[in-house]
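Student: Residue numbering for the sequence shown follows numbering that gives the first Met the number 0, starting at 0 and increasing by one per position.
Glycine included, every Cβ here is placed at the ideal spot set by N, Cα and C.
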Amino acid sequence: MDVHESVQQFWDHDAPTYDRSATHWPQTAAEQAAWTRLLQRALPPPPARVLDVGAGTGFLALPAARLGHDVTALDLSPAMLEQLTDKAHAAGLAVPTVAAPAHQPPAGPFDAVVSRHLLWTLPDPWAALRRWRGACPEGQLLLVEGAWGAGEPGQRWRAWAHAGLRRVRRAQPAHHGSYDAAVWQALPLSGGTDPSAVVEAARGAGWRDAGLARLRDVEWTRRRAR
């Protein structure tokens with residue numbers, strides 16, 4: 000079994016309970032509104048052709064569709080896309096899906112590419128960024144990432160504190176399990192992503208105007224929801 004097959008099976012298994020985690024789906028109306036405002040700021044005026052890569056259960060795809068965009072959802076996991084499709088139907092939205100690896104986007108052309116918390120789980124994130132540029136040659140990229148892994152001491156302390164709080168509250172785990180060792184070793188960013196390095200990688204892939212912005216309004220609503 001290759002890495003893509005292993006990763007697909009992991010997320011297929013995770014799909015039915017994925018949204019139970021507070022980090023996987025907005026927990027309050029205020030948090031949902033903050034993400035919607037981000038999309039309004041970052042995307043072209045609707046209706047734009049938007050590709051959501053690593054769409055999962057629809058965290059970005061569904062609010063983008065509600066704004067009037069023509070959204071295509073790409074994900075390696077068919078089970079994740081089934082969850083997204085069920086939500087879209089319930090909301091009266093049409094969001095076509097494509098089950099494929101992140102480095103194999105539909106031909107496009109798209110006006111924008113969006114992705115959230117995906118690069119760490121790609122065997123070749125740099126190739127994926129280049130392929131997305133090929134599918135969106137004149138458009139823009141919204142890449143939502145975090146300072147995963149080592150980070151500065153304050154970030155590590157907050158991560159440990161949140162993990163301890165989850166244990167005290169007996170919160171459900173975020174995932175059903177973990178990748179096996181061989182998969183972790185095949186993912187170059189699995190040990191952490193540095194935001195500045197991601198910006199440089201995006202520029203090197205052809206997204207020349209890539210920059211870095213902290214999502215303080217999203218952070219505020221997340222803290223209020225805890």
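Indicate whether residue 74 and residue 98 have their beta-carbon atoms separated by less than 8 Å.
Tutor: yes
Student: Cutting at 8 Å between CB atoms, please list the residues of its own chain near residue 108, excluding the five before and the five after it.
Tutor: 48, 134, 135, 136, 137, 138
Student: With distance defined between alpha-carbon atoms, name the residue in 8, 93, 82, 52 nearest to residue 19.
Tutor: The alpha carbon of residue 19 has as its nearest neighbour, out of 8, 93, 82, 52, the alpha carbon of 82.
Student: Which same chain residues, not among the five before or five after residue 59, have their C-beta less than 6 Å away from its C-beta?
Tutor: Close CB contacts of residue 59 within its chain, under the 6 Å cut and outside five residues either way in sequence, are with 51, 113, 115 (chain order).
Student: Which residues mark the beginning and the end of the beta strand (DSSP E) in which residue 74 is found?
Tutor: 69–74
Student: Tell me which residue opens and which closes the alpha helix (DSSP H) that residue 180 is part of.
Tutor: 180–184
Student: CA-CA distance, residue 32 and residue 141?
Tutor: When rounded, the distance between both Cα atoms is 17 Å.
Student: DSSP three-state call for residue 26: helix, strand or coil?
Tutor: coil
Student: Below 8 Å on the Cβ atoms is my guess for residue 125 versus residue 200; work out the distance and round it to an integer in Å.
Tutor: 6 Å
Student: Give the secondary structure of residue 1 by DSSP, where H, G and I count as helix, E and B as strand, and everything else as coil.
Tutor: coil
Student: Taking all protein chains shown into account, do 16 or more other C-beta atoms lie within 10 angstroms of the C-beta of residue 27, making it buried, or fewer, making it exposed?
Tutor: exposed
Student: Can the beta-carbon of residue 191 be found closer than 8 Å to that of residue 117?
Tutor: No.
Student: Taking 6 Å as the limit between beta carbons, can you name the residues of its chain near residue 172, skipping five residues before and five after?
Tutor: For residue 172, the predicted model reports a pLDDT of 48, less than 50, meaning its position is unreliable and no value from the coordinates is stated.
Student: Starting from residue 85, follow the alpha helix (DSSP H) in both directions and report where the run begins and ends.
Tutor: 77–89
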